[in-house]
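Reviewing the structure listed below.
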Amino acid sequence: MSNTIYDINDIRNIILDSQHLLKKSSDSIEDIVSDICGLQYDPNPTIHLNQYMMLWNRKKDFKAEQLDIAAYKDFKVVETWTFKRNMFLIPSNEYSLYKNAAKGIVRWGASDESWLAAGDSPEIQAAEKKLKESLIEFDGLTANQIWENLNLSYEWDKYRREHDQSYNLPIFRAFYRLTRRGDLLTCGRNPGTFREPVFILKEKVGSFDWTNDSIDEKQAIKCIVEKLIASLGVTDPVHVSHISGFKTADILPVFEELKSENKILQLSYKIGRKYYYIHSSKIQLLNEKAAVNCCEVRLISPMDTIVRDKTWLKAFFDYSFSFEYFKKKGMKWPLSIIVGNQFVGYLDCKMDWRTKKFIIKERNIFNPDFNDYKGIDVAIEELAAFHEAKEIVKKA
Numbered sequence: 132m133s134n135t136i137y138d139i140n141d142i143r144n145i146i147l148d149s150q151h152l153l154k155k156s157s158d159s160i161e162d163i164v165s166d167i168c169g170l171q172y173d174p175n176p177t178i179h180l181n182q183y184m185m186l187w188n189r190k191k192d193f194k195a196e197q198l199d200i201a202a203y204k205d206f207k208v209v210e211t212w213t214f215k216r217n218m219f220l221i222p223s224n225e226y227s228l229y230k231n232a233a234k235g236i237v238r239w240g241a242s243d244e245s246w247l248a249a250g251d252s253p254e255i256q257a258a259e260k261k262l263k264e265s266l267i268e269f270d271g272l273t274a275n276q277i278w279e280n281l282n283l284s285y286e287w288d289k290y291r292r293e294h295d296q297s298y299n300l301p302i303f304r305a306f307y308r309l310t311r312r313g314d315l316l317t318c319g320r321n322p323g324t325f326r327e328p329v330f331i332l333k334e335k336v337g338s339f340d341w342t343n344d345s346i347d348e349k350q351a352i353k354c355i356v357e358k359l360i361a362s363l364g365v366t367d368p369v370h371v372s373h374i375s376g377f378k379t380a381d382i383l384p385v386f387e388e389l390k391s392e393n394k395i396l397q398l399s400y401k402i403g404r405k406y407y408y409i410h411s412s413k414i415q416l417l418n419e420k421a422a423v424n425c426c427e428v429r430l431i432s433p434m435d436t437i438v439r440d441k442t443w444l445k446a447f448f449d450y451s452f453s454f455e456y457f458k459k460k461g462m463k464w465p466l467s468i469i470v471g472n473q474f475v476g477y478l479d480c481k482m483d484w485r486t487k488k489f490i491i492k493e494r495n496i497f498n499p500d501f502n503d504y505k506g507i508d509v510a511i512e513e514l515a516a517f518h519e520a521k522e523i524v525k526k527a
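Per the numbering used here, numbering of the sequence shown is gapless, rising by one per residue and ending at 527.
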């Protein structure tokens, strides 16, 4: 790569364009989800859940039911545990790619691979067979309905609600194994604060199979790392590790291999104290200096991929924020404000679903040039409409 030193605005454009945040896309939900390497599922109900917010910021004229249809009716995207062993929505045709790549990621003291292997006994296999036989006639059941059907509600309550390990029956472990392997899919989520999942056997969906099921772990990791590099725009191994849960030491050789194949290129100079990489498919866009539409405003969820690594965010956007996830009273759920290619501040907000009021608890603009920017007000109005709010309440 040449010794050209690129303007930070051009780099920001590439990052935001790669994440479908520079301008909203008309692409299908599954294509957008593929491009940005998944939507992290987050159950916090302060406003619309993270997966909906991520698409609202990226897809033109997006409505929440569009994701529900794609995920739970058409199965164009599916829920699974992948990066950092968190739940994501990913394209169904990339399911095996993600599962095989992420099976060795360790969290809570174990990986999916080790957890599944630890329970691979004749007793568990028999329980899996029994459970699948009990579900074959149903088009969707919640976990509670499954155990009611098997007369195991009392045992399930003891195990789940009272944390009594003496009720950790083989069939309960079989249930988790089936969901982890994709044999039991989420086919819906019930209304309510945390949207209880509804499950269905994979074979009940129809002619549904996992593409790339035979891909090995090493090749899957290489494919996913390359996808992440392309989706993040400009990145480095530590950033990819932070987003994915892959160990930095394990993906350093992957970066070198992709570099030797000219699939990625290293910028010829350091940004801060690091060298960064860009996918070869982005170089032309970087040289074209894509124009920024300064009228475009994004209100970014704190669980969005673009803001998950604070060190990287500070390096490229000179922006940082904090939020409190577990605090019930006074909890902050800030939406970071992007105008064009700049982070200019954040909104601390919540949706009162009962009264249909969208409440702005705090509006903090760091860049004084945008204190009175009307585009931010328009974006808030559009977000309130997305929540079907009847009123926007601005607290002092």
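All residues carry an ideal CB built from backbone N, CA and C; glycine is no exception.
These numbers come from a predicted model, not from an experiment.
Check                                                                                                                                                                     : Outcome
Which residues mark the beginning and the end of the beta strand (DSSP E) in which Q256 is found?                                                                         : Where Q256 is concerned, there is no enclosing beta strand (DSSP E), although the alpha helix (DSSP H) it sits in stretches over 253 to 266.
Name, in chain order, the residues that DSSP records as bridge partners for I331.                                                                                         : L316
Can you name, in chain order, every residue of its own chain whose Cβ lies under 7 Å from the Cβ of K481, other than the five neighbours on each side?                    : T177, I178, W464, I490, K492
So the candidates are D500, K190, L152, S223; which of them puts its Cα closest to the Cα of V336?                                                                        : S223
Among N175, N321, K405, G476, whose alpha-carbon lies nearest the alpha-carbon of R429?                                                                                   : G476
Could you check what DSSP says for P174 in three-state terms: helix, strand or coil?                                                                                      : coil
Return yes when the Cβ of N472 is within less than 7 Å of the Cβ of R143, no when it is not.                                                                              : yes
Measure the alpha-carbon distance for S528 versus I374 and round it to whole angstroms.                                                                                   : The question about residue 528 has no answer, for the chain in this structure spans 132 to 527.
Between the alpha carbons of V237 and K230, how many angstroms are there, rounded?                                                                                        : 13 Å
Drop a sphere of 10 angstroms on the beta-carbon of A351, count the other beta-carbons inside from all chains shown, and report buried for 16 or more, exposed for fewer. : buried
E387: which of K401, I360, I221 sits nearest, CA to CA?                                                                                                                   : I360
Whose C-beta lies closer than 7 Å to the C-beta of R311 among residues of the same chain, with five residues either side of it excluded?                                  : W212, D243, L247
Please look up how many angstroms separate the CB atoms of G319 and K333, rounded, as I've assumed it's under 8 Å.                                                        : 15 Å between Cβ atoms; not a contact.
What's the gap between the Cα of K155 and the Cα of K191?                                                                                                                 : 5 Å
Using CA coordinates, which residue listed in I331, R291, K215, Y307 is at the minimum distance from K265?                                                                : Looking at the sequence shown, residue 265 is not Lys but Ser. Taking only the C-alpha atoms, the option nearest S265 is I331.
Output the distance between the C-alpha atoms of Y504 and S451, rounded to the nearest integer angstrom.                                                                  : 21 Å
Could you check if L383 is buried or exposed, using at least 16 other CB atoms within 10 Å of its CB as the buried criterion?                                             : exposed
Check each candidate in N275, L153, S411, M185 and name the one with the smallest Cα separation from F306.                                                                : N275
Could you have a look at C480 and say whether DSSP puts it in helix, strand or coil?                                                                                      : strand
Can you tell me whether DSSP reads V209 as helix, strand or coil?                                                                                                         : strand
State buried or exposed for A364, treating a residue as buried only when at least 16 other CB atoms are found within 10 Å of its CB.                                      : A quick correction: the sequence has Gly, not Ala, at residue 364. Its Cβ being crowded by 16 or more others within 10 Å, G364 is buried.
Would you tell me roughly how many angstroms separate the C-alpha atoms of D435 and Q171, rounded to the nearest one?                                                     : 7 Å
In whole angstroms, what is the alpha-carbon distance linking P368 and W443?                                                                                              : 11 Å
Alpha carbon to alpha carbon, how far is K234 from D205? Give it in angstroms, no decimals.                                                                               : 26 Å
Tell me the start and end of each unbroken alpha helix (DSSP H) in the stretch 347 to 403 that is at least 4 residues and wholly inside, in chain order.                  : 348 to 363, 368 to 375, 379 to 391
Restricting to Cα atoms, I'd like to know which of S432, K401, S149 is closest to D173.                                                                                   : S432
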